[in-house]
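*Asks:* Heads up: the sequence lines are chains G and X, in that order.
Going by the numbering used here, the residue at position 60 of the first sequence is 60; the numbering climbs one at a time, nothing skipped.
Going by the numbering used here, the residue at position 245 of the second sequence is 245; the numbering climbs one at a time, nothing skipped.
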Amino acid sequence: MVVGIVVGVVLLSFALMYNGLVRKKNQVENVFASMDAMLKKRTDLIPNLVSTVQQYMQHERETLNELTEMRAKAVSGQLSADEKIALQNQFSKALGGIMVAVENYPDLKADQNFIHLQSSLNEVEEQISAARRAYNAAVTSYNNAIEMLPTNILASMMNYQRKNVFEISEAERQNVDVKGLFNQ
Amino acid sequence: MKTIEELKAYYETDLLPILRVLDRDRKKILYRLFLGILLSAVAPIISLYFFFGPVSLMVICFPVWIGVIIYLAISIGSYKKSFKVGIIEQIVRAIDPNLSYNASKAVDKAHFKHSELFKNSWNEYKGDDYVQGMVGKTSLEFSELHVQHVSTDSEGRRRASTVFRGLYLVADFNKSFKGKTVILPDTAEKLLGSIGSMLQSWNVTRGELIKMEDVAFEKEFVVYGDDQIEARYILSTSLMERIVAYKKKSNRPVRLSFIGNNVHVAISYKKSLFEPRIFRSLLSFKPIQEYFEDLSLAIDLVEDLNLNTRIWTKD
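1. According to the neighbour-count rule (16 or more other Cβ atoms, all chains shown, within 10 Å of its Cβ), is serine 115/X buried or exposed?
2. Go to tyrosine 101/X, then tell me how far its beta strand (DSSP E) extends in each direction, as first and last residue.
3. Express the C-alpha separation of lysine 249/X and methionine 158/G in angstroms, rounding to a whole number.
4. Are there three or more Cβ pairs, one per stretch, closer than 8 Å when the segment 96–115 of chain X is compared with the segment 127–142 of chain X?
5. By DSSP's criteria, phenylalanine 142/X is part of a beta bridge. Which residues make up the other side?
6. In chain G, which residues lie with their C-beta within 9 Å of the C-beta of arginine 206/X?
7. For the putative contact between isoleucine 60/X and serine 47/X, defined by C-beta atoms under 8 Å, what is the C-beta separation to the nearest angstrom?
8. Taking only three categories from DSSP, how would you classify leucine 305/X?
9. Please decide whether lysine 211/X counts as near chain G, where near means a Cβ-Cβ distance under 8 Å.
10. Along the alpha helix (DSSP H) that carries histidine 114/X, what are the first and last residues, could you check?
11. Glutamate 126/G versus chain X: which residues are under 8 Å apart at the beta carbon?
12. Assuming tyrosine 56/G and leucine 121/G are in contact, meaning their beta carbons sit under 8 Å apart, how far apart are those beta carbons, in whole angstroms?
13. Buried or exposed: where does glutamine 200/X fall if 16 or more other Cβ atoms within 10 Å of its Cβ makes it buried?
14. Who pairs with alanine 317/X in a beta bridge, going by DSSP?
15. I'd like the span of the alpha helix (DSSP H) that includes phenylalanine 114/G, first residue to last.
16. Could you tell me the alpha carbon to alpha carbon distance between alanine 160/X and histidine 146/X, rounded to whole angstroms?
17. Pick out the complete beta strand (DSSP E) segments inside the segment 239–313 of chain X, 3 residues or longer, and give them in chain order.
18. Taking the Cβ atom as the reference point for each residue, do valine 165/G and asparagine 144/G lie within a distance shorter than 8 Å?
19. Does the beta-carbon of proline 97/X have 16 or more other beta-carbons within 10 angstroms, so that it is buried, or is it exposed?
20. Buried or exposed: where does glutamine 161/G fall if 16 or more other Cβ atoms within 10 Å of its Cβ makes it buried?
21. Which two residues bound the contiguous beta strand (DSSP E) that contains leucine 184/X?
22. What are the residues that DSSP puts in a beta bridge with lysine 24/G?
23. Starting from the Cα of glutamate 275/X, find the closest Cα among Ile4/X, Ile267/X, Pro287/X and give me that residue.
24. Can you check which of these residues, Ala73/X, Tyr101/X, Asn123/X, Glu144/X, is closest to valine 131/X by C-alpha distance?
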């Protein structure tokens with residue numbers, strides 16, 4: 001009788017831990033997928049941005065071409081998760097550069113189309129940042145579970161590996177555009 | 001008008017003459033109150049002198065008492081009304097001329113119900129001192145509210161428990177969103193630490209627990225919502241800092257919810273707001289400063305949470 005109860009409790013707690021781990025892993029994947037969707041949204045804005053901006057911008061042709069190429073790479077769909085992230089970091093850098101350069105083109109700044117695009121970009125950047133924070137929260141909760149007692153024993157049996165949190169790349173950190181922030 | 005110094009100057013030049021008139025009314029009311037009490041006390045003596053037995057009470061005392069109560073209620077009511085129009089409305093307009101004031105109206109019941117800030121059931125909804133208008137690009141409305149659950153016990157006595165009492169604000173939020181995010185004071189985690197946090201995650205009536213990365217914010221508040229990403233989209237790192245600062249400034253329990261593209265804020269008070277003094281002189285700066293601070297706390301919400309920054313797709 002007692003043995004039966006002990007076995008029952010052990011089995012039940014195993015099942016609960018197992019489900020908890022799976023839920024955490026799925027949460028990470030789920031949030032990554034949402035983040036990917038946001039990043040895709042930003043990629044979709046690029047052609048529009050390039051076509052609006054290039055009529056005005058004379059000296060940034062190279063950056064614009066770069067952006068178009070990057071977009072082609074992003075939509076080709078043959079990238080691993082890490083490559084995707086690296087590419088998106090490049091995107092952020094190039095977009096940041098364009099937004100700083102906009103300051104030199106008053107006509108462009110007044111263009112209705114551009115104003116609309118700019119707010120769409122702000123929106124999508126804000127959503128990406130939210131998704132990134134949600135991803136990091138999910139990964140932290142997952143990592144805690146696979147490293148802390150007692151779930152770590154089960155996690156190693158299930159062969160769950162630590163995942164990396166999203167770090168802001170060095171390039172982006174340097175690119176905090178204070179001037180742009182004040183002008184918004 | 002933003003600062004206490006400006007208010008002081010405004011008090012000297014504009015409010016003091018009105019207060020002097022109102023204070024005369026206040027003294028009249030005190031006089032009537034004194035007369036009323038005297039009359040009520042004398043009534044039984046007179047009635048017993050002229051008549052005998054309980055009939056005399058019925059014929060003379062009850063009508064006198066009821067008459068006194070009605071008369072006093074009417075005169076206090078009209079005193080309060082002229083105070084609110086003369087003083088509170090003037091202060092509201094001096095802070096921001098774009099705002100309108102209504103002494104008897106309150107924030108709509110539907111807003112309160114919709115906000116999901118209070119899960120306790122309630123059946124009595126009262127409020128007054130309604131302010132409404134545009135602060136920059138943001139529409140704002142607020143009023144004082146007193147929401148209670150009233151029941152009668154087995155002996156037929158009325159029992160009222162307060163669900164919420166204080167300032168209730170509704171403002172247009174600067175980002176659009178679909179779901180709901182509710183921010184409540186964090187009592188469990190403060191008292192019980194990580195066990196409290198675990199208990200919070202089991203709170204099924206509230207939806208998903210959302211852990212934020214801002215330590216100062218997490219210490220003060222607990223966040224529930226139906227979408228992890230949207231909650232973080234609304235609660236940007238800067239907004240979290242602003243909410244913590246706002247809580248600190250108000251020095252009272254603050255609850256916020258983001259629902260239907262609006263932000264709802266409930267600031268709890270233990271006292272009734274924007275009411276005139278009756279037993280003490282009106283000719284004092286201190287109560288005026290209090291009205292001003294409570295009104296400013298509400299009106300500054302838009303600036304304090306940076307709601308006029310409209311750089312996202314919502315206009």
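Just so you know, even glycine gets a beta-carbon here, dropped at the ideal spot from N, CA and C.
*Replies:* On the basis of the supplied data:
1. Along the second sequence, read from residue 1 onward, the residue named residue 115/X stands at position 115. Buried, by the Cβ-count rule.
2. Mapped onto the second sequence, residue 101/X falls at position 101. Its beta strand (DSSP E) spans residues 99–102.
3. Locating residue 158/G in the first sequence gives position 158, where the first residue counts as 1. Locating residue 249/X in the second sequence gives position 249, where the first residue counts as 1. Rounded to whole angstroms, methionine 158/G to lysine 249/X spans 50 Å at the Cα level.
4. Proximity of the segment 96–115 of chain X to the segment 127–142 of chain X meets the contact definition, three or more beta-carbon pairs being nearer than 8 Å.
5. Here residue 142/X refers to the residue found at position 142 of the second sequence. According to DSSP, phenylalanine 142/X shares a beta bridge with Val131/X, Leu169/X.
6. Counting from 1 along the second sequence, the entry for residue 206/X is found at position 206. Counting only Cβ-Cβ distances below 9 Å, arginine 206/X has no contacts in chain G at all, with the closest Cβ about 18 Å away.
7. On the second sequence, residue 60/X is found 60 positions in, with the first residue counted as 1. On the second sequence, residue 47/X is found 47 positions in, with the first residue counted as 1. Rounded, the Cβ-Cβ distance is 4 Å, consistent with contact.
8. Residue mapping note: residue 305/X aligns to position 305 of the second sequence, counting from 1. Coil.
9. Working through the second sequence from its first residue, we reach residue 211/X at position 211. At least one chain G Cβ lies under 8 Å of lysine 211/X.
10. In the second sequence, counting from the first residue as 1, residue 114/X sits at position 114. Here the alpha helix (DSSP H) through histidine 114/X covers 109–114.
11. Numbered from 1 along the first sequence, position 126 holds the residue referred to as residue 126/G. Close partners of glutamate 126/G in chain X (Cβ separation under 8 Å): Lys175, Tyr233, Ser236, Trp312.
12. Position 56 of the first sequence, counted from the first residue, corresponds to residue 56/G. Position 121 of the first sequence, counted from the first residue, corresponds to residue 121/G. Not a contact, Cβ separation roughly 16 Å.
13. Position 200 of the second sequence, counted from the start, is the residue given in the question as residue 200/X. Result: buried.
14. Missing from the structure shown is residue 317/X; chain X here goes from 1 to 315 and no further.
15. Here residue 114/G corresponds to residue number 114 of the first sequence, with the count starting at 1. Start and end: 112–147.
16. For the purposes of this step, residue 160/X is taken as the residue at position 160 of the second sequence. For the purposes of this step, residue 146/X is taken as the residue at position 146 of the second sequence. The alpha-carbon atoms of alanine 160/X and histidine 146/X are separated by roughly 11 Å.
17. Segments of the beta strand (DSSP E) lying fully in the segment 239–313 of chain X: 254–259, 262–268.
18. As a working note, residue 165/G is residue 165 in the first sequence. As a working note, residue 144/G is residue 144 in the first sequence. No, the pair does not count as a contact, with Cβ atoms beyond the cut-off.
19. Residue mapping note: residue 97/X aligns to position 97 of the second sequence, counting from 1. By the neighbour-count rule (16 or more Cβ atoms within 10 Å), proline 97/X is not buried but exposed.
20. By 1-based counting over the first sequence, the position of residue 161/G is 161. Here glutamine 161/G is exposed: its Cβ has fewer than 16 other Cβ atoms, across all protein chains shown, within 10 Å.
21. Here residue 184/X refers to the residue found at position 184 of the second sequence. Note, leucine 184/X: beta strand (DSSP E), 181–185.
22. Along the first sequence, one-based indexing puts residue 24/G at 24. Answer by DSSP bridge pairing: none, since lysine 24/G is not bridged.
23. By one-based count along the second sequence, residue 275/X stands at place 275. Of the candidates Ile4/X, Ile267/X, Pro287/X, the one whose C-alpha sits nearest the C-alpha of glutamate 275/X is Pro287/X.
24. The count along the second sequence starts at 1 and reaches residue 131/X at position 131. Out of Ala73/X, Tyr101/X, Asn123/X, Glu144/X, Tyr101/X has the C-alpha closest to the C-alpha of valine 131/X.
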